[in-house]
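See structure below.
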Amino acid sequence: MLKFLKYLFITVLVLIGIGYGVYYVGINLASDKLMEALTAQLENSGELEKIKRAIEGDPELRAFLQDAQSVDESTLPFTTKEEAARLLVQKVGISGLQDIQTKAEQGRITKDELIHEMEQKLTDKEIKALKVIAYKELYK
10 MLKFLKYLFI
20 TVLVLIGIGY
30 GVYYVGINLA
40 SDKLMEALTA
50 QLENSGELEK
60 IKRAIEGDPE
70 LRAFLQDAQS
80 VDESTLPFTT
90 KEEAARLLVQ
100 KVGISGLQDI
110 QTKAEQGRIT
120 KDELIHEMEQ
130 KLTDKEIKAL
140 KVIAYKELYK
């Protein structure tokens, strides 16, 4: 009986380890694929320039991103767009991100609503890190 419990315990631990590994690898693959597709779409369609012009033409958005210029990156939880995508996939979810994209394309969400929604799901440091990454991507 003791041997059976020992093997059962080991089997459960192995299954938990495999499940965690699959989840972690799945999140990484999904976030990498998302970033590749989004980057390619923005660069190929010219949307990146439109976004840049929209930000430069909107004082509120420009001010929102401006404080990212002077942030000490060593204090941020992440510094690459891949890590940012991974965090967004984990905290917002792929379907949540797609929903936000659809609402934005259809004009059913304002920038204030979007900022408020992200502030509910992300910490201040995570939002600051996203600002820094957005600033670097737009003005590189």
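In the numbering used here, the protein residues as written are 10 to 149. Virtual Cβ for every residue (Gly too), placed ideally from N, Cα, C.
### Task
Out of Leu85, Ile142, Lys137, Ile109, state which residue places its alpha-carbon closest to the alpha-carbon of Glu126.
Numbered from its first residue, the sequence shown carries residue 126 at position 117. Among Leu85, Ile142, Lys137, Ile109, the Cα nearest to that of Glu126 belongs to Ile109.
### Query
Hey, how far is the Cα of Glu114 from the Cα of Val21?
Along the sequence shown, read from residue 1 onward, the residue named residue 114 stands at position 105. Along the sequence shown, read from residue 1 onward, the residue named residue 21 stands at position 12. Going by the C-alpha atoms only, they are around 46 Å apart.
### Query
According to the neighbour-count rule (16 or more other Cβ atoms, all chains shown, within 10 Å of its Cβ), is Arg7 buried or exposed?
The displayed coordinates of the chain run from 10 to 149. Any statement about residue 7 would go beyond what the structure contains.
### Query
Hey, Ala94 and Lys140: beta-carbon distance below 7 Å or not?
The residue you call residue 94 lines up with position 85 of the sequence shown. The residue you call residue 140 lines up with position 131 of the sequence shown. Contact: no.
### Those runs of the alpha helix (DSSP H) which lie wholly inside the region 108 to 144 and span at least 4 residues
120 to 130
### Message
If I measure Cβ to Cβ from Ile36 and keep anything under 8 Å in the same chain, skipping five residues before and after, which residues do I get?
### Response
Your numbering for residue 36 matches position 27 in the sequence shown. Around Ile36: Arg95, Val98, Gln99.
### Task
May I have the straight-line CA-CA distance separating Glu52 from Tyr16, to the nearest angstrom?
Here residue 52 refers to the residue found at position 43 when the sequence shown is read from its first residue. Here residue 16 refers to the residue found at position 7 when the sequence shown is read from its first residue. Each residue's Cα considered, the two are about 54 Å apart.
### Task
Mind checking which residues open and close the alpha helix (DSSP H) that includes Leu58?
The count along the sequence shown starts at 1 and reaches residue 58 at position 49. For the sequence presented, residue 58 should be read as Glu rather than Leu. First-last of the alpha helix (DSSP H) with Glu58: 56 to 66.
### Query
For the candidate residues Leu14, Asp67, Ala49, Leu85, whose alpha-carbon lies nearest to that of Ile142?
Start at 1 with the first residue of the sequence shown, and residue 142 comes out as number 133. Of the candidates Leu14, Asp67, Ala49, Leu85, the one whose C-alpha sits nearest the C-alpha of Ile142 is Leu85.
### Message
By the DSSP assignment, the alpha helix (DSSP H) with Ala77 in it spans what residues?
### Response
The count along the sequence shown starts at 1 and reaches residue 77 at position 68. Element bounds for Ala77: n/a, residue is neither H nor E.
### Query
From this set, Glu58, Gly116, Phe73, which residue's C-alpha is nearest Ile136's C-alpha?
Against the sequence shown, residue 136 aligns to sequence position 127. Residue Phe73 is the option with its Cα nearest to Ile136.
### Task
Could you check the C-alpha separation between Tyr29 and Val23 for me, to the nearest Å?
Taking the sequence shown and counting its residues from 1, one reaches residue 29 at position 20. Taking the sequence shown and counting its residues from 1, one reaches residue 23 at position 14. Cα to Cα, the separation comes out at about 10 Å.
### Message
Please classify Ile64 as buried or exposed, where buried requires at least 16 neighbouring CB atoms within 10 angstroms.
### Response
In the sequence shown, the residue the question calls residue 64 occupies position 55. Buried: at least 16 other Cβ atoms inside 10 Å.
#### Entry: Among Gly26, Pro68, Leu106, Tyr144, the one whose alpha carbon lies nearest that of Thr89
To locate residue 89, count along the sequence shown from 1; it is residue 80. Of the candidates Gly26, Pro68, Leu106, Tyr144, the one whose C-alpha sits nearest the C-alpha of Thr89 is Tyr144.
#### Entry: Beta-carbon separation (whole angstroms), Met44 vs Glu91, contact threshold 8 Å
Start at 1 with the first residue of the sequence shown, and residue 44 comes out as number 35. Start at 1 with the first residue of the sequence shown, and residue 91 comes out as number 82. That belief holds up - the Cβ atoms of Met44 and Glu91 are roughly 6 Å apart, short of 8 Å.
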